[in-house]
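**Student:** Have a look at the structure that comes next, please.
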Amino acid sequence: MPITRDDCQALDASDPLRACRARFKLDENVIYLDGNSLGALPRGVAQHVVNVVEREWGEGLIRSWNEAGWYVSPARVGAKLAPLLGAKPNEVIVTESISINLFKLLVTAARMRPDRKVILAEHGNFPSDNHIVDSVARLLGKEARFVPAGEVAKAIDADTGVVTLSHVNYRSAEVQDMALVTQAVHAKGALIVWDLAHSSGAVDLQLDGTKADFAVGCGYKFLNGGPGAPSHIFVAERHLGALDQPLTGWFGHAEPFRFDDGYRRADGVRHMLCSTPQILSMAAFEKALDAFEGVSMAEVERKGRALGDLMIELHDEFLARLGCGLATLRDAKRRGNHVSLTHEAGYAVMRALIERGVIGDFRAPDVMRFGFGPLYVRYVDVHDAVVAIADILESGAFNQKALAARQAVT
Ligand SMILES: Cc1ncc(COP(=O)(O)O)c(C=O)c1O
């Protein structure tokens with residue numbers, strides 16, 4: 116018996132996270148399945164940002180660097196985020212973007228393994244990551260080596276200094292076993308930098324428990340920090356004394372306001388900073404984290420998997436015969452928090468869906484991606500989204516020239 120809309124409503128009624136949806140400002144006419152690209156807006160964020168602008172900036176002016184705690188905000192917000200990552204408060208700092216932070220971490224890690232010439236990365240990772248790997252290798256005179264994610268552990272050898280991997284792949288949602296891979300990396304004397312872009316706020320991370328060395332994550336996806344929200348860096352406590360990052364801007368200096376000519380690194384994770392923090396984005400991100408208050412990340416992970424299982428079950432029932440394919444693993448334990456469906460007209464289908472208020476995104480060449488922000492997506496949303504996809508495919512409503520024309524952001 117295929118699962119019905121009533122069944123989905125029953126699942127929502129017994130969902131331990133059901134109360135969290137009210138923490139977000141959502142349009143009830145929209146089904147939002149793109150929290151893996153841009154999380155929804157948590158209530159209270161807009162008011163907080165207005166407050167920061169009007170009071171802290173407008174009235175406090177430059178005094179707010181001290182009095183409103185702007186100066187210490189990267190570490191303060193890092194400490195607030197740390198429990199969601201399975202990390203200690205002093206191991207996380209919030210700053211800049213994923214790509215920039217990845218650059219900093221890769222160089223830092225490579226400098227800790229100066230005699231090893233290989234940086235090992237995965238084929239099919241988010242392109243920005245691999246462009247950065249390539250550039251870091253060229254800058255440092257190392258070799259960038261790319262293998263499929265599943266072969267990384269086998270490919271580590273005595274030449275490998277640094278390994279970098281996405282914990283959850285942006286396209287297939289495949290999850291790497293963080294503990295196992297990290298162990299394999301350490302067994303060969305190398306270090307690992309994890310990309311948590313599709314993990315932070317979506318899965319039950321245990322950065323300390325798995326002995327990860329370094330990680331970088333995203334503020335604007337499952338953490339709902341707003342467009343372009345600052346990224347975060349994790350450095351395992353055992354490495355904090357040996358950091359030597361390449362972007363030696365004044366915010367990572369031990370005493371920026373001494374204005375010394377020479378660079379002296381700040382103690383601890385603060386050394387990973389480079390520039391003046393973007394306070395308005397930081398304010399939005401800090402407030403957005405309140406949406407996770409009292410929430411168990413194990414429950415978040417469990418619900419994300421259940422929503423994905425539901426989408427796959429409904430795909431098999433209604434979409435497979437209409438030309439859709441599944442580009443995500445069926446095994447929920449090996450899948451992150453989105454489901455990717457393929458269709459040869461995937462872009463036009465996604466545009467038609469968005470016109471109906473069902474929002475996902477598209478990744479070339481043919482992947483329609485549906486992400487499940489577990490704090491606000493309901494089982495019934497997944498059901499209704501699949502009904503809409505089936506209707507668009509059956510009716511041919513996607514078959515319009517205007518829908519096929521690519522917009523700049525897909
Ligand atoms: C896996 C992954 N890595 C890196 C990035 C790049 O992020 P940023 O634009 O913050 O550098 C993204 C962006 O979506 C991503 O999904």
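Numbering (this note's numbering), first residue to last: 116 to 525. For every residue, glycine included, the Cβ atom is placed at its ideal position computed from N, Cα and C.
Can you tell me which of 184, 135, 175 and 502 puts its alpha carbon nearest to the alpha carbon of residue 397?
**Tutor:** Selection 184, 135, 175 and 502 evaluated against residue 397 yields 184 as nearest (Cα-Cα).
**Student:** Applying the criterion that 16 or more other CB atoms from any shown protein chain within 10 Å of the CB defines a buried residue, is residue 129 buried or exposed?
**Tutor:** exposed
**Student:** Would residue 443 be called buried (16 or more neighbouring beta carbons within 10 Å of its own) or exposed?
**Tutor:** The residue in question, residue 443, is buried, as its Cβ has 16 or more Cβ neighbours within 10 Å.
**Student:** When we look at the beta-carbon of residue 263 and count the other beta-carbons within 10 Å, is it buried (16 or more) or exposed?
**Tutor:** exposed
**Student:** Between which two residues does the alpha helix (DSSP H) harbouring residue 150 extend?
**Tutor:** Unbroken run through residue 150: none, as it is neither H nor E.
**Student:** Could you check if residue 137 is buried or exposed, using at least 16 other CB atoms within 10 Å of its CB as the buried criterion?
**Tutor:** Residue environment: residue 137 is assigned as exposed (fewer than 16 neighbouring CB atoms within 10 Å of its CB, all protein chains considered).
**Student:** Look up residue 347 in the DSSP assignment and give the residues it is bridged to.
**Tutor:** Per DSSP, the beta bridge partners of residue 347 are 209 and 332.
**Student:** Given that a residue counts as buried once 16 or more other Cβ atoms are within 10 Å of its Cβ, and exposed if not, what is residue 411?
**Tutor:** exposed
**Student:** Take the Cβ of residue 182 as the centre, count every other Cβ of all protein chains shown within 10 Å, and call the residue buried at 16 or more, exposed below.
**Tutor:** exposed
**Student:** From the DSSP output, in three-state form, read off residue 459 for me.
**Tutor:** coil
**Student:** Are there three or more Cβ pairs, one per stretch, closer than 8 Å when the stretch 275–291 is compared with the stretch 229–240?
**Tutor:** yes
**Student:** Taking 6 Å as the line, does the beta carbon of residue 476 fall inside it for any heavy atom of ligand 1?
**Tutor:** no
**Student:** In terms of alpha-carbon separation, which member of 248, 202 and 194 lies closest to residue 215?
**Tutor:** Out of 248, 202 and 194, 248 has the C-alpha closest to the C-alpha of residue 215.
**Student:** Starting from residue 281, trace the alpha helix (DSSP H) in both directions and tell me its first and last residue.
**Tutor:** No alpha helix (DSSP H) contains residue 281, which is instead part of the beta strand (DSSP E) from 275–281.
**Student:** Specify, as a first and last residue, the run of the beta strand (DSSP E) that residue 414 falls within.
**Tutor:** Careful: residue 414 lies outside any beta strand (DSSP E), inside the alpha helix (DSSP H) at 412–429.
**Student:** CA-CA distance, residue 527 and residue 260?
**Tutor:** For the chain, the structure presents residues 116 to 525; residue 527 sits outside this window and is missing.
**Student:** If I'm right that residue 476 touches residue 461 with Cβ under 8 Å, what's the distance once you round it to whole angstroms?
**Tutor:** Their Cβ separation, rounded to whole angstroms, is 10 Å, which puts residue 476 and residue 461 out of contact at 8 Å.
**Student:** For residue 194, which residues of its own chain have a beta-carbon under 6 Å away from its beta-carbon, when the five flanking residues on both sides are left out?
**Tutor:** Only 204 meet the Cβ criterion.
**Student:** May I ask you to report which of helix, strand or coil DSSP gives residue 307?
**Tutor:** strand
**Student:** Among 345, 246 and 120, which one has its Cα closest to the Cα of residue 153?
**Tutor:** 345
**Student:** Provide the residue span of the beta strand (DSSP E) that contains residue 482, from first to last.
**Tutor:** 482–486
**Student:** Using only the alpha-carbon positions, how far apart do residue 255 and residue 307 sit?
**Tutor:** 17 Å
**Student:** Which first and last residues belong to the beta strand (DSSP E) in which residue 238 is found?
**Tutor:** Looking at the DSSP string, the run of the beta strand (DSSP E) that includes residue 238 is 233–238.
**Student:** According to DSSP, is residue 509 part of a helix, a strand, or is it coil?
**Tutor:** helix
**Student:** Give the straight-line distance between the Cα atoms of residue 366 and residue 356, rounded to the nearest whole angstrom.
**Tutor:** 17 Å
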